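Student: Quick one: structure below, then a few questions.
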Amino acid sequence: EAITIQELANRMAERAVDVIKLLMKQGQMLKINDVIDADTAELIAEEMGHTVKRVSEADVEEGLFSIEDTTEHLKPRPPVVTIMGHVDHGKTSLLDAIRNSKVVTGEAGGITQHIGAYQIEQDGQKITFIDTPGHAAFSQMRARGAKSTDIVILVVAADDGVMPQTKEAIAHAKAADVPIIIAINKIDKEGSDPNRVRTELLSEELVTESMGGDVIDVEVSAKSGQNLDKLLEMIILQSEVLELQANPDRTAEGIVIEAQLDRGRGPVATVLVQKGTLKPGDILVAGAEWGRVRAMLDEDGKQVKEAPPSKPVEVLGFQGTPEAGDMVAVVENEARAREIVEYRQRQIREKASVVASGSRGSLEQMMNRLQETGKKEFPLVLKGDVQGSTEAIVHALNELGTDEVSARILLSGVGGITESDVTLAAASKAPIVGFNVRANKQAREAAQRDGIEIRYYNVIYDLVDDVKAAMSGLLSPER
Ligand code: GDP
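Everything in the sequence shown is counted per full-length UniProt numbering, starting at 313 for the first residue and increasing by one.
Shown next, in the form of structure tokens:
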């Protein structure tokens, strides 16, 4: 726990400059936004004549997301689906086609809106689609600790096959442990070759059913609408296997899918309810913002009176604009909401002023976490200069595995380290290792921001040796 000098001064109702002077007397030259630890803060406060009552701020967080539902309260809930795939393979077209095919014709008042997610009904079964395709948003949410998706639809154009972003999407879905359904798209096109897609997917360790595996694949055309029903059936089938459940009879929890400040309506956030049922009048906290639900609208702009699990709704009534990926929870009253939000806003300020030094995604941290959690996997993102060397490294790292711990390579690829690599790494709190490649500027900035360590090597042996050392808890200090 740490606090900025400004914050400490505020809490004591003293002038920051007096705090700085006192610290200076004790030999510490600090500025107003510098962070001091709780012990120092306590001493300073006492020096200045204040009685210190330490509040365990962790208490504020505790209990908010930790209430688990007992099985007897669980009821089936609709699946939440994200569409991923290479650019131009038809993600947006597919989302639009599915949505349009389900629009109830002749219904009055319905104006199709983009709110970040929508829900359709197929044979009486609901399915929720996240309306922002691609893996960037998906992994950004995951990096913030939120699980937004139950099933990934991987779109691969039958006339183009597996492309770089197809592979990235696979890596993101696998890292999140989310099952994949393959939509082989554009089968209406001349020159489309669905079997080529299936064969190429074999190299990505996705073995479709017709190839003897268990990955579901459906040939579709977003353009003609062919087989869209079949795709939806497969989603329902897959979700039955997953036995998705939630307790609808409790205060709501969920996640922010999208949020913006609307000129007329104020802050607007699309909330995907994950547990419980959200209702107008509820007081909720989303990240570092809170609000009272003034109104809830669905994707057709219609007022909704209650939003059960897996239902996305646009929520009006926030005091400020939360961020996509923020966790949402209904709390008992406004005072509690304010308390949590104040705590979180303070944390954000403090975090901003603490220099991010090799925080979560570093080899050392990884080792500590392994020991804490007793977890057996050591996640890594690997980028190399040529196929041959990356393959050799992957092989060597896989060989390192023991009964206790093994390397889990989230992505191994050829080429420089990009921001997308960092997003993937951050979502799993994994370090990145580069072999004869560097990170570009965006990637370096993202890594700095997210506290992801990037290590560079030009000798395979050194790389493998460091990972081995990290895995066995013997890592030497960074060189
Ligand atoms: P995204 O980048 O993955 O979202 O791809 P889009 O949905 O924007 O589609 C890229 C292009 O492919 C557009 O010109 C679409 O009209 C076209 N397209 C998408 N699906 C199909 C399809 O099933 N058949 C054909 N012929 N064209 C398609």
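Glycine included, each C-beta is placed from N, C-alpha and C at the ideal position. The structure presented is a predicted model; accordingly, all values stated were derived computationally and were not measured.
Determine, using beta carbons only, whether Q631 comes closer than 7 Å to chain D.
Tutor: Looking at the structure shown, chain D is missing, and only one protein chain is on hand.
Student: Using the Cβ count rule (16 or more neighbours within 10 Å means buried), how would you classify M341?
Tutor: exposed
Student: Entirely within the UniProt region "G-domain" (391–539) and at least 3 residues each: give me those beta strand (DSSP E) ranges in chain order.
Tutor: 392–397, 429–434, 437–442, 463–469, 492–497, 529–531
Student: Quick one: residues in its chain with C-beta nearer than 8 Å to the C-beta of Q318, no 5 flanking neighbours on either side, listed in chain order?
Tutor: A328, I344, N345
Student: DSSP on K387, reduced to helix/strand/coil?
Tutor: strand
Student: Is T478 near the ligand GDP, in the sense that its beta carbon is under 6 Å from a heavy atom of that ligand?
Tutor: no
Student: So, at 7 Å on beta carbons, what are the nonlocal neighbours of Q338 in its own chain, with the 5 sequence-adjacent residues on each side left out?
Tutor: none
Student: Assuming I499 contacts S533 (C-beta within less than 8 Å), just tell me the rounded distance between them.
Tutor: With 8 Å as the limit, I499 and S533 qualify as a contact, their Cβ atoms being about 5 Å apart.
Student: What are the boundary residues of the alpha helix (DSSP H) that L609 is part of?
Tutor: In this chain, L609 is not harboured by any alpha helix (DSSP H); it is covered by the beta strand (DSSP E) spanning 601–609.
Student: Quick one: which unbroken beta strand (DSSP E) runs of 3-plus residues sit fully inside the region 615–664? Chain order, please.
Tutor: 624–630, 639–643
Student: In three-state terms, what does DSSP make of E552?
Tutor: helix
Student: Tell me which residues share the same chain as I772 and place their Cβ nearer than 8 Å to its Cβ, disregarding the 5 neighbours each side in the sequence.
Tutor: S701, A704, I705, A708, F747
Student: Is the region 625–642 touching the region 596–613 in the sense that three or more CB pairs, one from each, lie closer than 8 Å?
Tutor: yes
Student: For the alpha helix (DSSP H) containing I317, list its first residue and its last residue.
Tutor: I317 -> alpha helix (DSSP H) spans 317–324.
Student: Short of 8 Å in beta carbon distance, which residues of its chain neighbour N770, apart from the five on each side in sequence? Order them along the chain.
Tutor: F747, N748
Student: For the ligand GDP, which residues count as neighbours when the test is a C-beta closer than 6 Å to any heavy atom?
Tutor: Per the Cβ criterion, the list is G397, V399, D400, H401, G402, K403, T404, S405, P445, N497, K498, D500, K501, S533, A534, K535.
Student: Give me the DSSP bridge partner(s) of E565.
Tutor: K587, A641
Student: If we call anything under 7 Å between Cβ atoms a contact, is V726 one with A758?
Tutor: Cβ atoms of V726 and A758: not closer than 7 Å.
Student: In terms of residue numbering, what span does the alpha helix (DSSP H) encompassing R772 cover?
Tutor: Arg is not the amino acid found at residue 772; the sequence shown has Ile there. Its alpha helix (DSSP H) spans residues 772–783.
Student: Among N645, D505, Q754, which has the Cα closest to the Cα of D471?
Tutor: D505
Student: Cα separation between A458 and V698?
Tutor: So the two alpha carbons sit approximately 34 Å from each other.
Student: What first and last residue would you give for the alpha helix (DSSP H) that runs through G746?
Tutor: Per DSSP, G746 lies in no alpha helix (DSSP H) segment; the continuous beta strand (DSSP E) that holds it begins and ends at 744–747.
Student: If contact is defined by three or more beta carbon pairs under 8 Å, each pair taking one atom from either stretch, is the region 460–467 in contact with the region 391–398?
Tutor: yes
Student: Which residue comes first and which comes last in the alpha helix (DSSP H) that contains E358?
Tutor: 350–359
Student: State the Cα-Cα distance for the pair D594 and G436, rounded to the nearest angstrom.
Tutor: 29 Å
Student: Would you kindly work out how many angstroms separate the C-alpha atoms of L334 and A325, rounded to a whole number?
Tutor: Distance from the CA atom of L334 to the CA atom of A325, rounded to whole angstroms, is 15 Å.
Student: If you run the structure through DSSP and keep just helix, strand and coil, what is D574?
Tutor: Assigned with DSSP and collapsed to three states, D574 falls in strand.
Student: What residues in its chain sit with their C-beta under 7 Å from that of V331, if we drop five residues either side in the sequence?
Tutor: I317, L320, A321, I356
Student: Thinking P621 and A558 are a contact (beta carbons under 8 Å), I'd like their distance in whole angstroms, please.
Tutor: 4 Å
Student: If distances are taken between C-alpha atoms only, which option among L609, K438, T383, I494 comes closest to K403?
Tutor: I494
Student: Using the beta-carbon count (16 or more within 10 Å), is A607 buried or exposed?
Tutor: exposed
Student: Using only alpha-carbon positions, find the residue among E716, E433, R750, E654 that is nearest to G728.
Tutor: R750
Student: Can you tell me whether E545 is helix, strand or coil according to DSSP?
Tutor: E545 falls in the helix class under three-state DSSP.
Student: By DSSP, does T582 sit in helix, in strand, or in coil?
Tutor: strand
Student: Spatial neighbours of R656 within its chain, please: C-beta separation below 6 Å, excluding the five flanking residues on both sides.
Tutor: A600
Student: Looking only at DSSP bridge pairs, what is V597 linked to?
Tutor: W602, A641
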